[in-house]
Amino acid sequence: MKLFLTFIISLFLTSNIFAQPSMRSKKNELIRQYTFKSFSLADSKSDSIRILSYLIVPNNVLKFIKKDVTFESSYQAKITIKKKRGEQIGRKSWSNTLTTNSYTESSSKKISTIHFYEFKVPPGDYIISSELFDMDSNESGIINRELKLAKSKNDFFLFEPFLIDSFEGNWGLDDNEIPIISNIIGKTSVKPTLFVSGKIDTGQYNINVTINSTNKKELWNQSFDIYSDENYFYQKITIPDEVISKGLSKKIYVTLEQGKSKKKETLIFGVTREGFSKSISNLNQAILAMRYILVDDQYKTMRRSNPEKQEELFLEFWKEKDPTPDTKRNELQDEYFSRVAYANNAFKGSTDGWRTHMGEIYIKFGRPDDIEEYSDPFTRVYQQRWHYYKINKYFDFMDETGFGDFRLTSPFYGGNTW
Numbered sequence: 001m002k003l004f005l006t007f008i009i010s011l012f013l014t015s016n017i018f019a020q021p022s023m024r025s026k027k028n029e030l031i032r033q034y035t036f037k038s039f040s041l042a043d044s045k046s047d048s049i050r051i052l053s054y055l056i057v058p059n060n061v062l063k064f065i066k067k068d069v070t071f072e073s074s075y076q077a078k079i080t081i082k083k084k085r086g087e088q089i090g091r092k093s094w095s096n097t098l099t100t101n102s103y104t105e106s107s108s109k110k111i112s113t114i115h116f117y118e119f120k121v122p123p124g125d126y127i128i129s130s131e132l133f134d135m136d137s138n139e140s141g142i143i144n145r146e147l148k149l150a151k152s153k154n155d156f157f158l159f160e161p162f163l164i165d166s167f168e169g170n171w172g173l174d175d176n177e178i179p180i181i182s183n184i185i186g187k188t189s190v191k192p193t194l195f196v197s198g199k200i201d202t203g204q205y206n207i208n209v210t211i212n213s214t215n216k217k218e219l220w221n222q223s224f225d226i227y228s229d230e231n232y233f234y235q236k237i238t239i240p241d242e243v244i245s246k247g248l249s250k251k252i253y254v255t256l257e258q259g260k261s262k263k264k265e266t267l268i269f270g271v272t273r274e275g276f277s278k279s280i281s282n283l284n285q286a287i288l289a290m291r292y293i294l295v296d297d298q299y300k301t302m303r304r305s306n307p308e309k310q311e312e313l314f315l316e317f318w319k320e321k322d323p324t325p326d327t328k329r330n331e332l333q334d335e336y337f338s339r340v341a342y343a344n345n346a347f348k349g350s351t352d353g354w355r356t357h358m359g360e361i362y363i364k365f366g367r368p369d370d371i372e373e374y375s376d377p378f379t380r381v382y383q384q385r386w387h388y389y390k391i392n393k394y395f396d397f398m399d400e401t402g403f404g405d406f407r408l409t410s411p412f413y414g415g416n417t418w
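See the structure below:
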């Protein structure tokens, strides 16, 4: 199954990619941002689980070469799935060449290519991976996701719910339906809907959906009694517009009950609003991540204010820094929180990615011009040096544990590019 489509993207945000570790010293570019996400749902065969996987490549992560009056970029992409402790059980590869008519198109974050593939696997624990190789820049990167799909004792199971919207094509659901990869509902969303799937016995079952605001206030609560002749189900539940429009972030609680069996899953989703970057789904978390650019008094005041005052202070701060105040978009705010989003995905470990040493440097200075990697096969100590040539700086990180917890080898005190 080969499906890819270049389009003006409005449903998706970028996610993380990691430079691949090396057992020798080498020079390497930090891989730019692309998105990879998978969704699990029930299959008509009781011993199978459907894995819908999506690899999304924005134009701006690729290197385009000028060809007469056009620009061209070639890359290879791959999605693989393997048992957590075992062999590879599925793989799909693509080779693609993109052609644009202008430099603006070739460097756009909004024009993307989607690669979609569906795997079917038995219950178990898996690692699903995506790889992207830019054939023009020789940059490459990999994203790994862990899937815990162990079989339940009584064949009663609720998969993680997700949001879907309308988009032309066949993306593994009904025609013209696609998951909202970022869990962010934007202004261009057509019909955002909650998708719930699970394994059951034939007969009556109940689904309860509760939606709360970030301050735990209940916004919506609905219960659905449903009868099924099958031992699996798909249910699409439309979220009312008046619920979607309240606040920036909400949490959905889904409860599945049948007889004495009961399963629960949750989903956090955000809504874009004017004055707020699309990367922001929670104002409290956004303010926390502004720690690197706020002075102490500003930070304390914003953190301690009530929600209404927080929003006012937040908007005032970014309005003063808007490089293009005559437009709706605040490019500086978008750039800052896209870096925060990247850091949270790329450098997350025992704490949020933006709080890590690598996350802090990435947010303050952006994408390094070069990365040098060193690793010792005997001590298993990994090191990286990030080069920023324009400001004549470099930063050394060391992972002494081998678990990806990179720390600066010497403390950094100083400013940033903001």
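Numbering (our numbering), first residue to last: 1 to 418.
Every residue gets a Cβ at the ideal spot worked out from N, C-alpha and C, and that includes glycine.
First and last residue of the uninterrupted alpha helix (DSSP H) at SER338:
331-346
GLU160 (DSSP reduced to helix, strand or coil)
coil
I need the boundaries of the beta strand (DSSP E) containing TRP220, first residue and last residue.
218-228
Does DSSP put LYS27 in a helix, in a strand, or in coil?
At LYS27 the pLDDT is 40, less than 50, meaning the model places this residue with poor confidence; the figure from the coordinates comes in the next sentence. LYS27: strand per DSSP, three-state reduction.
Return yes when the Cβ of PHE156 is within less than 8 Å of the Cβ of ILE277, no when it is not.
What sits at residue 277 in the sequence shown is Ser, not Ile. Cβ atoms of SER277 and PHE156: not closer than 8 Å.
Opening and closing residue of the beta strand (DSSP E) in which MET398 lies
393-399
Would you be able to state if there are at least three C-beta pairs under 8 Å between the segment 107-127 and the segment 48-61?
yes
Can you tell me whether DSSP reads PHE64 as helix, strand or coil?
coil
In chain order, what residues of the same chain have a beta carbon less than 7 Å from the beta carbon of GLY353, not counting five sequence neighbours either side?
ALA343, ASN344, ASN345, ALA346, PHE347 and GLY359
On the three-state DSSP scale, how would you describe ASP125?
strand
Kindly provide the ranges of any alpha helix (DSSP H) runs that are 4 or more residues long and lie completely inside the segment 64-150, ordered along the chain.
103-106
Just verifying my parser: in three-state terms, what is the DSSP assignment at ILE180?
coil
In angstroms, rounded to a whole number, what distance separates the CA positions of ARG407 and THR99?
41 Å
So what does GLY203 bridge to, in DSSP terms?
SER228
Please classify GLU87 as buried or exposed, where buried requires at least 16 other C-beta atoms within 10 Å of its C-beta.
exposed
Local Cβ density within 10 Å of ASP399, reported as buried at 16 or more and exposed below that
buried
Let me make sure I understand the geometry here. Which of PHE71, TYR292 and LYS216 has the alpha-carbon closest to that of PHE337?
TYR292
Collapsed DSSP secondary structure at ASP482 in the structure displayed
The shown model of the chain, from 1 to 418, leaves out residue 482, and the question about it has no answer.
Segment contact flag, the segment 193-207 with the segment 243-263, C-beta cutoff 8 Å, min 3 pairs:
yes
What distance in whole Å lies between the Cβ atoms of LYS246 and LEU267, which are believed to be in contact at a cut-off of 8 Å?
Going by Cβ atoms, the distance from LEU267 to LYS246 rounds to 16 Å, so no, they are not a contact pair.
What does the alpha-carbon distance come out to for the pair GLU320 and LYS250?
28 Å
On the three-state DSSP scale, how would you describe ILE287?
helix
Could you check whether the segment 183-203 touches the segment 229-246, counting it as contact only if at least three pairs of C-beta atoms, one from each stretch, sit closer than 8 Å?
yes
Based on the DSSP output, what are the partners of PRO58 in its beta bridges?
SER112
For ILE280, collect the residues of the same chain with a Cβ closer than 6 Å to its Cβ; drop the 5 residues on either side in sequence, then sort them by chain order.
ALA286 and PHE337
Out of PHE64, ASP225 and VAL57, state which residue places its alpha-carbon closest to the alpha-carbon of LYS109.
VAL57
Consult DSSP for ARG367 and reduce its assignment to one of helix, strand or coil.
coil
Buried/exposed call for ASN59, threshold 16 Cβ in 10 Å:
buried
Give me the Cβ distance between SER130 and ILE143, rounded to the nearest whole Å; I'm assuming they're in contact under 8 Å.
5 Å
Determine the direct distance from the alpha carbon of PRO323 to that of ASP376, and round the result to whole angstroms.
45 Å
Counted within 10 angstroms of its Cβ, other Cβ atoms place ASP165 as buried (16 or more) or exposed:
buried
Buried versus exposed, by CB contacts within 10 Å (16 or more), ASN330
buried
ASP165 - partner residues in DSSP beta bridges
ILE178
Would DSSP call THR379 helix, strand or coil?
coil
Inter-residue spacing [alpha-carbon to alpha-carbon] between GLU372 and PHE224:
55 Å
If we call anything under 8 Å between Cβ atoms a contact, is TYR421 one with LYS82?
Absent from the model: residue 421. The displayed extent of the chain is 1 to 418, so no value can be given.
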